[in-house]
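The sequence shown: position 304 = 304 (the UniProt record's numbering), numbered continuously.
The beta carbon of each residue, even a glycine, is placed where N, CA and C say it ideally should be.
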Amino acid sequence: MSNRFADPLGAVTGSDHQPDLERGENPSVDSARDSIDYNDQSPLLERTLTSATAETAVTSSGLSRTETNKLPPLKQLGILDRYLALWIFVSMVVGISTGYYFPDIGSKLEKGGFAGVSIPIAMGLLIMMYPIMCKVQFESLHRLLVVKSLWVQVAISLFINWIIAPMVMVGLAWLFLPDRPELREGLIMVGIARCIAMVMIWIELSEGDTDYGAILTAVNSLLQMVLFAPTAMFYINVIGKSPDHLQISYSVVAKSVAIFLGIPLLIAVITRVTLRGHVISAKAYDTRFMSFLEPFSLLGLLFTILILFASQGREVITQLTSVLRVVAPMFTYFVILFFGTLWFCHKFGYTYKICSAQAFTAASNNFELAIAVVVSFYGISSTQALAATVGPLLEVPVLLSFVYIVQYYREKVTWGARGSSDVL
Numbered sequence: 001m002s003n004r005f006a007d008p009l010g011a012v013t014g015s016d017h018q019p020d021l022e023r024g025e026n027p028s029v030d031s032a033r034d035s036i037d038y039n040d041q042s043p044l045l046e047r048t049l050t051s052a053t054a055e056t057a058v059t060s061s062g063l064s065r066t067e068t069n070k071l072p073p074l075k076q077l078g079i080l081d082r083y084l085a086l087w088i089f090v091s092m093v094v095g096i097s098t099g100y101y102f103p104d105i106g107s108k109l110e111k112g113g114f115a116g117v118s119i120p121i122a123m124g125l126l127i128m129m130y131p132i133m134c135k136v137q138f139e140s141l142h143r144l145l146v147v148k149s150l151w152v153q154v155a156i157s158l159f160i161n162w163i164i165a166p167m168v169m170v171g172l173a174w175l176f177l178p179d180r181p182e183l184r185e186g187l188i189m190v191g192i193a194r195c196i197a198m199v200m201i202w203i204e205l206s207e208g209d210t211d212y213g214a215i216l217t218a219v220n221s222l223l224q225m226v227l228f229a230p231t232a233m234f235y236i237n238v239i240g241k242s243p244d245h246l247q248i249s250y251s252v253v254a255k256s257v258a259i260f261l262g263i264p265l266l267i268a269v270i271t272r273v274t275l276r277g278h279v280i281s282a283k284a285y286d287t288r289f290m291s292f293l294e295p296f297s298l299l300g301l302l303f304t305i306l307i308l309f310a311s312q313g314r315e316v317i318t319q320l321t322s323v324l325r326v327v328a329p330m331f332t333y334f335v336i337l338f339f340g341t342l343w344f345c346h347k348f349g350y351t352y353k354i355c356s357a358q359a360f361t362a363a364s365n366n367f368e369l370a371i372a373v374v375v376s377f378y379g380i381s382s383t384q385a386l387a388a389t390v391g392p393l394l395e396v397p398v399l400l401s402f403v404y405i406v407q408y409y410r411e412k413v414t415w416g417a418r419g420s421s422d423v424l
């Protein structure tokens with residue numbers, strides 16, 4: 001069975017692959033190339049193009065891999081993606097300034113909460129998730145679920161997410177905050193909540209494997225409904241000996257998962273099944289429709305960031321000492337989980353796309369759930385809530401910087417050939 005895997009641009013790569021599209025030496029290559037529906041390519045499923053004398057890799061944009069690599073990375077992005085770091089910084093500054101100069105805005109945003117999260121934040125998260133889910137090739141996923149190698153990687157991810165990550169956060173919380181149990185408890189809650197939403201946008205921006213990321217997200221969502229409550233109570237009540245004796249309702253966790261993953265997932269499945277190949281052609285869906293839809297994902301991200309910072313802007317400034325004390329262990333946590341997982345997957349010979357998806361899944365957290373649980377138990381003005389809120393405030397700029405770092409090293413490091421599947 002062939003061991004080629006689709007590259008991040010949709011091209012087919014392999015050890016025996018010799019692209020010669022630019023030379024135009026063999027007309028049969030062009031003929032074979034024209035007969036392929038490039039929009040049917042999947043990041044997880046291989047596509048091969050063979051001629052009598054050469055093999056050619058073609059990206060979804062019609063450029064060869066060689067031609068695409070000639071473009072600087074930033075030149076390949078639209079204006080929204082290209083200056084994403086600037087837009088995020090502006091959203092953070094505007095949010096903090098709004099929260100500081102309008103102290104009542106935080107309490108107003110929290111009114112009429114949706115699953116323990118303010119309605120504006122919930123709306124931003126749903127808008128952010130929907131376009132990403134629309135790109136997942138649900139019609140192909142069933143072929144992957146029977147592949148043993150996929151489940152080996154899922155097992156690795158679950159071990160990192162549910163065993164290693166919480167232990168790392170608990171250890172760092174005690175190391176950096178031995179005298180601040182309230183901050184420690186909020187921090188631990190963030191470390192236990194595994195990400196099921198924003199992680200998809202980091203995988204997307206880093207050109208990781210979004211199909212594999214969707215599978216990981218679904219598995220983590222199911223486990224979160226079962227494991228979050230007992231894991232949180234174990235680390236806070238038993239290990240931390242909290243005098244408050246934390247109690248978490250399973251319904252709170254299930255509701256968070258159902259809303260922030262279930263709703264965009266369901267709508268995306270309906271959209272893809274209804275439109276692609278029926279109302280419009282598969283090519284039109286993959287190009288024109290998705291080109292129209294994709295900017296809304298980043299707009300949803302920016303809106304969510306602005307609302308988050310606005311709701312906690314005054315607390316961040318007035319309690320700056322507490323915030324800074326939480327920043328140190330949380331930043332260390334992100335670095336350890338991301339680069340540790342990236343190194344581990346690279347060491348075992350996985351492709352860049354798989355390494356990226358694994359690393360961002362390990363380092364990301366479900367701040368919606370953590371904030372919802374902390375607010376419902378400790379109160380919105382509690383120190384625990386402040387610590388939990390610092391999570392997304394720091395996670396967004398840090399993981400965005402990781403996107404740029406991993407993209408930089410993508411072309412400088414030799415990645416392995418082990419992908420998610422050997423399915424043809």
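Closest by CA to residue i, which one among the options?
i	options	result
F402	T361, W87 and K135	T361
V327	I267, E368, V190 and S356	V190
I119	F176, F260 and I239	F260
W151	I105, Q358 and G106	Q358
V406	I236, P392, T341 and A385	T341
residue 436	R314, T389, G416 and F367	For residue 436 there is no data in the structure shown, the boundaries of the chain being 1 and 424.
R194	R180, P178, A218 and L175	A218
A166	V93, V269, T389 and M330	According to the sequence as given, residue 166 is Pro; it is not Ala. Of V93, V269, T389 and M330, the residue nearest in Cα terms is M330.
L394	P230, L183, I305 and I215	I305
E398	G379, L337 and R418	A quick correction: the sequence has Val, not Glu, at residue 398. Nearest option by C-alpha distance: L337.
S206	A417, R418, E411 and P230	E411
residue 431	L275, L302, G300 and L301	Residue 431 cannot be examined here, being either before or after the span of the chain that is shown, 1 to 424.
L320	Q224, A387, E185 and A229	A387
Y333	G99, I121, W174 and M133	W174
V154	T287, E182, D211 and M169	D211
Y101	Q312, T351, Y404 and P178	Q312
G379	F303, G349, S107 and A282	S107
P392	F176, V199, N161 and V136	V199
G240	L302, G416, Y350 and I188	I188
F234	N366, I192 and F339	I192
T271	S97, G416 and C134	C134
I203	A385, I280 and V136	V136
E325	S221, S256, G171 and F176	Note that residue 325 is Arg in the sequence shown, not Glu. With distances taken between Cα atoms, R325 lies closest to F176.
K255	M128, S97, L183 and L369	L369
L126	V90, I263 and G213	I263
V146	I196, I215, S97 and T98	I215
K347	V413, V93 and S251	V413
Q224	D286, N161, L183 and G277	N161
L265	N366, I196 and V226	I196
V390	P103, P178 and N366	N366
W415	I164, Y404 and C345	C345
F377	S149, A232, R418 and Y404	A232
Opposite residue i in the DSSP bridges: which residues?
i	result
R272	R272 pairs with nothing; no bridge assigned.
N365	R194
residue 443	Residue 443 lies beyond the range of the chain shown here (1 to 424); nothing can be said about it.
I280	R276
Going by DSSP, what residue range makes up the alpha helix (DSSP H) through residue i?
i	result
Y101	L84 to Y101
S291	M290 to T318
T383	T383 to R410
F159	K148 to F159
D211	T210 to M233
F176	A165 to F176
A122	I119 to K135
W202	V199 to L205
Below 8 Å on the Cβ atoms is my guess for residue i versus residue j; work out the distance and round it to an integer in Å.
i	j	result
F309	G95	3 Å
I267	Y130	6 Å
residue 433	S322	Residue 433 lies beyond the range of the chain shown here (1 to 424); nothing can be said about it.
I88	L299	Actually they do not touch by this definition, with Cβ atoms about 12 Å apart.
I371	L109	At roughly 12 Å, the Cβ-Cβ gap does not stay under 8 Å, so I371 and L109 are not in contact.
D209	I121	At roughly 28 Å, the Cβ-Cβ gap does not stay under 8 Å, so D209 and I121 are not in contact.
I132	E185	No, I132 and E185 are not in contact; Cβ-Cβ is about 32 Å, not under 8 Å.
What I want to know is whether the C-beta of residue i ends up closer than 6 Å to one or more non-hydrogen atoms of the ligand NAP.
i	result
G213	Absence of the ligand NAP is noted for the structure shown, with no ligands found whatsoever.
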